[in-house]
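Trainee: Let me begin by handing over the structure; questions about it come next.
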Amino acid sequence: MAKRGETREKILGAAAQLAAEHGISATAVDDIAAEAGVAKGSVYYNFGSKERLYAELLGETLQRAGQRLRESLDGARPGDAVRAVAEAFLRGLQEHPSSSKVVAAELFRLDRPWRESLAEYRSLFFSIFAEALEADGRPASPANAAAVFGSTIMVGFERMLFADRLDLEEAIAAIEGAD
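Heads up: the sequence shown at position 149 corresponds to 149 in UniProt numbering, and the numbers run straight through without jumps.
The structure is reproduced here in structure tokens:
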């Protein structure tokens with residue numbers, strides 16, 4: 001018998017995989033339970049609803065990304081902060097492709113209950129990129145931070161969808177030039 005934490009992780013993994021393939025709206029709780037190998041009631045017991053399940057999935061994914069970015073910035077050598085943060089972001093997408101795709105699909109949706117949470121993390125990521133620019137002695141205006149963050153997201157999506165066209169070093173070099 002699986003422990004509750006293991007069951008939750010199986011459900012979150014299944015929910016991420018299915019939503020990455022079909023979208024949140026097209027993913028049913030029955031499908032998530034079947035993919036996770038658990039009873040439908042286990043999904044509701046652990047999360048209460050499909051919306052809470054995806055709110056937790058998005059929250060955990062964004063929290064993990066924020067922590068990764070912060071750690072990379074804090075550990076960056078002088079002059080390499082943008083590179084360190086961009087690389088950390090791209091590696092996070094590579095390590096967690098399903099949940100990253102779900103976040104990407106939800107970033108611009110305005111009709112979701114987790115919209116405010118996404119906006120808070122977006123602001124956090126902008127501030128980390130602004131700090132990285134500043135640490136590298138580059139202009140750290142909100143527009144420049146948005147440009148570098150936006151470039152990082154788009155390069156990350158390109159790598160996720162067409163990984164064979166763009167290697168990590170090429171991607172980072174392109175991002176470093178964006179401001």
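Every residue, glycine too, gets a C-beta built ideally from N, C-alpha and C.
Classify residue 226 as helix, strand or coil using the three-state DSSP reduction.
Mentor: One cannot answer for residue 226 here, as it falls past the ends of the chain, which runs 1 to 179.
Trainee: I need the DSSP call for residue 108, collapsed to helix, strand or coil.
Mentor: Residue numbering aside, residue 108 sits at position 108 when the sequence shown is read from its first letter. Residue 108 falls in the coil class under three-state DSSP.
Trainee: Measure the CB-CB distance between residue 81 and residue 69 and report whether it falls below 8 Å.
Mentor: For the purposes of this step, residue 81 is identified with residue 81 of the sequence shown, where counting begins at 1. For the purposes of this step, residue 69 is identified with residue 69 of the sequence shown, where counting begins at 1. The answer is no: Cβ separation not under 8 Å.
Trainee: In chain order, which continuous runs of the alpha helix (DSSP H) of length 4 or greater are located wholly inside the stretch 28 to 59?
Mentor: If we require 4 residues or more, the alpha helix (DSSP H) runs fully inside the stretch 28 to 59 come out as 29 to 36 and 40 to 47.
Trainee: For residue 18, name the three-state secondary structure that DSSP assigns.
Mentor: Start at 1 with the first residue of the sequence shown, and residue 18 comes out as number 18. Looking at residue 18 - three-state DSSP - the assignment turns out to be helix.
Trainee: Taking the CB atoms as reference points, tell me whether residue 118 and residue 58 lie closer together than 8 Å.
Mentor: Counting from one through the sequence shown, the residue named residue 118 turns up at place 118. Counting from one through the sequence shown, the residue named residue 58 turns up at place 58. Yes.
Trainee: Taking the alpha-carbon of residue 143 as reference, which of 22, 130, 113 and 161 has the nearest alpha-carbon?
Mentor: Residue 143 sits at position 143 when you count from the first residue of the sequence shown. Of the candidates 22, 130, 113 and 161, the one whose C-alpha sits nearest the C-alpha of residue 143 is 130.
Trainee: Just how far apart, CA to CA, sit residue 62 and residue 21?
Mentor: Position 62 of the sequence shown, counting from 1, holds the residue named residue 62. Position 21 of the sequence shown, counting from 1, holds the residue named residue 21. For residue 62 and residue 21, the distance between alpha carbons rounds to 19 Å.
Trainee: Could you tell me which whole alpha helix (DSSP H) segments of length 4 or greater appear in the stretch 72 to 121?
Mentor: Qualifying alpha helix (DSSP H) stretches, in chain order: 81 to 95 and 97 to 106.
Trainee: Would you identify the three-state DSSP class for residue 24, choosing helix, strand or coil?
Mentor: Locating residue 24 in the sequence shown gives position 24, counting from the first residue. If DSSP states are grouped into helix, strand and coil, residue 24 belongs with coil.
Trainee: Indicate whether the contact test is met: 3 or more Cβ pairs, each with one atom in the stretch 41 to 54 and one in the stretch 132 to 151, closer than 8 Å.
Mentor: Segments in contact, no.
Trainee: For residue 14 and residue 23, I'd like the C-alpha separation in whole angstroms.
Mentor: If you number the sequence shown from 1, residue 14 lands on position 14. If you number the sequence shown from 1, residue 23 lands on position 23. The alpha-carbon atoms of residue 14 and residue 23 are separated by roughly 12 Å.
Trainee: Based on Cα-Cα distance, which residue from 28, 50 and 7 lies nearest to residue 38?
Mentor: In the sequence shown, the residue the question calls residue 38 occupies position 38. The shortest Cα separation from residue 38 among 28, 50 and 7 belongs to 7.
Trainee: For residue 11, which residues of its own chain have a beta-carbon under 8 Å away from its beta-carbon, when the five flanking residues on both sides are left out?
Mentor: Numbered from 1 along the sequence shown, position 11 holds the residue referred to as residue 11. Hits under 8 Å: 32, 33, 36, 38, 42, 43, 46, 47 and 53.
Trainee: Please report the straight-line C-alpha distance between residue 171 and residue 78, rounded to a whole angstrom.
Mentor: Here the question's residue 171 lines up with position 171 in the sequence shown. Here the question's residue 78 lines up with position 78 in the sequence shown. For residue 171 and residue 78, the distance between alpha carbons rounds to 20 Å.
Trainee: Helix or strand or just coil, what does DSSP make of residue 126?
Mentor: In the sequence shown, the residue the question calls residue 126 occupies position 126. It is helical.
Trainee: Are there 16 or more other CB atoms within 10 angstroms of the CB of residue 67, so buried, or fewer, so exposed?
Mentor: For this step, residue 67 is matched to residue 67 along the sequence shown. Per the 10 Å Cβ criterion, exposed.
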